[in-house]
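In our numbering, the protein residues as written are -3 to 64. We treat Cβ as the ideally placed atom computed from N, Cα and C, and that holds for glycine. Here the structure is a predicted model, which is why all the values come from computation and not from measurement.
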Amino acid sequence: MKTTMENIKNMIDVNTVVGDAVETKDGTVIVPVSKVSFAFIAGGGEYSGTSENNEMDASKYPFAGGSG
């Protein structure tokens, strides 16, 4: 989890949320502002024994997991 949060911090900085100011010909200054949000989820499970519906032997791959 620590590594994930550090990588997210590296992906975003102040210029991602508040962009560089742009001045138009008439002198109006536009400051682009973005809303940024992140989500993270992870899960896992364990298998025990074999199943008639499963062609793979559960002892070969006794776990499952994912994140994103």
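Whole angstroms are fine: how far does the CA of residue j sit from the CA of residue i?
| i | j | result |
| --- | --- | --- |
| T74 | V27 | This structure gives no information on residue 74, because the portion of the chain shown stretches from -3 to 64. |
| N6 | V13 | 13 Å |
| K(-2) | Y43 | 27 Å |
| M1 | S30 | 20 Å |
| G15 | G62 | 34 Å |
| F36 | I8 | 15 Å |
Just checking my contact of residue i with residue j at CB under 8 Å: how many whole Å lie between their CB atoms?
| i | j | result |
| --- | --- | --- |
| V25 | A17 | 5 Å |
Can you tell me whether DSSP reads residue i as helix, strand or coil?
| i | result |
| --- | --- |
| V27 | coil |
| V32 | coil |
Have a look at the options and flag the residue whose alpha-carbon is nearest the alpha-carbon of residue i.
| i | options | result |
| --- | --- | --- |
| G41 | F59, V32 and S33 | F59 |
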